[in-house]
RNA sequence: GGAGAGGUGGCAGAGUGGUCGAAUGCACCGCACUCGAAAUGCGGCGUGCCCGCGAGGGUACCGUGGGUUCGAAUCCCACCCUCUCCGCCA
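In the numbering used here, the protein residues as written are 788 to 1212.
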């Protein structure tokens, strides 16, 4: 959500930032509505002021038994009240229009975000690890996975496309990955373990920016709630409408949850395999901090996500997203892309974003800086640390052997009850 | 799901139709006293929005949304949430 005052003060800068996102200028339209809205407000409030004043006088007149004056004043208020509903409606309508307009505008990119149209313009920051040289042709996990317990057919029978069941050693490996990630983020990296609701109300999704624009990407329950598409929604909204005690900042939270996405816009993409599912698990990282700390917090969070890939010895690259590829709420995003041998390319496995005060404004999450009487909006950040399903795919593909078995990465062996290899059946 | 009680400022807690944005206490801030602190005294102390260069003025907000009334924290309706008891249940 954008601050109408900053748009008022510098409409040109606002439009310039929108242009970086590939959007047409909006400040003129916004400010026209804003001006109209304020004019109506002023008029309405003058009416209310007179009504309040007259009502007090009526009280006094009646106490003095001066019915003539009281009746005259009552008549005046009656006239006033005839006009007010129309003004009230107009006030509500312009206010709603302004909110609707502002709520649909994405966050503005940070200055150091590269200009670009789509993912082709993203900038690679670093590469870690060297893709393994295979002495056989590496297979797609969708092909050798079923023999190891990836049950695509079972999932599809139950629930349709993009649902998968995991069985036996595959389920165990998935659990091992999730536990390892959670242990690392709560231990080494100091994020607070959190269990959150998976069903949330409209307000929560508005707060993080999924609503009102992206309802079609979500699943909705019959009682009007929504399944979370990411634990970012639940974790970040924990501070919604709160004034967070300054000494508790930064808040660093993590949660392992299933995530539900309708994938409405991705028909035909990644239809094979375990890459793009309606339901998948993810260890999410969220940080809530003071504005001056969010840049450092962003780097810290990204490092926390990278640590998992490094511990698993999975080659990856870190990419700085360009203006055209960033999500709605982000002002700066790093993607981590893991090497997938079967695709001979890097695929997204984590996205780490600094949202600045964009989400905090939408959900009214504030703090009171030391020595200040004024509350200020917090900064919010979120990142995957990591997407468990995609990490499973990366482990399978990078650790596959010619015989269809998969070696378990060293750090996971304790989580696998000592099992060192997944054997096809 | 049924019955009952209740939702007021950072917290506790008054307030059942007019001068209530709201007593009082605690917490907090400033000042005085003190070498300093405590205690005490005095003063201050909610948020959003609109108007104004400013001083300041206005408006809205007592769970949420409607309604009655010249006037609503207070009356009416609906909904949400919390607590207690009963039922059911992982």
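Yeah, the Cβ is synthetic: ideal placement off N, Cα and C, and Gly gets one too.
Since this is a predicted model, take the numbers as computed values, not measurements.
CA nearest to the CA of residue i, picked from the options
i            : options                   : result
residue 1070 : 840, 1188, 861 and 982    : 982
residue 791  : 815, 809 and 811          : 815
residue 1191 : 929, 905 and 917          : 929
residue 1057 : 1134, 1087, 789 and 1109  : 1134
residue 923  : 1194, 1201 and 1189       : 1189
residue 898  : 1186, 958 and 807         : 807
residue 906  : 1195, 1171, 1120 and 1161 : 1120
residue 893  : 1117, 1208, 992 and 1077  : 1117
residue 1093 : 1128, 1193 and 1137       : 1137
residue 1032 : 1010, 1075 and 1055       : 1075
residue 1026 : 1150, 812, 931 and 1156   : 1150
residue 1035 : 1156, 846, 840 and 927    : 1156
residue 976  : 1198, 1091 and 1103       : 1091
residue 789  : 910, 1079, 890 and 871    : 890
residue 1103 : 1125, 1010 and 880        : 1125
residue 999  : 1019, 1029 and 886        : 886
residue 1037 : 945, 1078 and 917         : 1078
residue 1107 : 1141, 942, 812 and 1131   : 1141
Cβ shell of residue i (< 6 Å), same chain only, five flanking positions each side left out
i            : result
residue 1045 : 1066 and 1068
residue 831  : 874 and 878
residue 1059 : 929
For residue i: DSSP bridge partner residues
i            : result
residue 1014 : 986
residue 1104 : 914 and 1124
residue 1073 : 1040 and 1169
residue 953  : 937
residue 1119 : 1141
residue 1096 : DSSP lists no partner for residue 1096.
residue 1209 : 1193
residue 1084 : Answer by DSSP bridge pairing: none, since residue 1084 is not bridged.
Cut-off 7 Å between Cβ atoms - residues of its own chain near residue i, not counting five sequence neighbours on either side
i            : result
residue 867  : 834, 837 and 838
residue 1146 : 994, 995, 996, 1023, 1116 and 1167
residue 1176 : 1061, 1064, 1067 and 1068
residue 936  : 953, 954, 955, 956, 957 and 958
residue 978  : 972, 1039, 1040, 1041 and 1072
residue 926  : 1129 and 1187
residue 963  : 1199, 1202 and 1203
residue 1019 : 995, 1071, 1073 and 1169
Integer Cβ distance of residue i from residue j, believed to fall under 8 Å
i            : j            : result
residue 860  : residue 844  : 6 Å
residue 1179 : residue 960  : 6 Å
residue 1127 : residue 1105 : Wrong, their Cβ atoms sit about 16 Å apart, outside the cutoff.
residue 1143 : residue 1049 : At roughly 28 Å, the Cβ-Cβ gap does not stay under 8 Å, so residue 1143 and residue 1049 are not in contact.
residue 1099 : residue 1201 : 14 Å between Cβ atoms; not a contact.
residue 1006 : residue 1047 : 5 Å
Own chain, CB closer than 8 Å to residue i, minus 5 neighbours either side, in chain order
i            : result
residue 882  : 824
residue 1211 : 931, 934, 935, 1190, 1191 and 1192
residue 1153 : 1029, 1030, 1031, 1147, 1162, 1163, 1164 and 1165
residue 1173 : 968, 1069, 1070, 1092, 1095, 1096, 1123, 1136 and 1137
Legend entry - Contiguous beta strand (DSSP E) assignments of at least 3 residues, all confined to the segment 1125 to 1197: 1132 to 1141 and 1166 to 1174
Legend entry - alpha helix (DSSP H) runs contained entirely in the segment 999 to 1071, provided each spans 4 or more residues: 1018 to 1023
Legend entry - Within the segment 840 to 913, ranges of the alpha helix (DSSP H) (whole runs, at least 4 residues): 854 to 890
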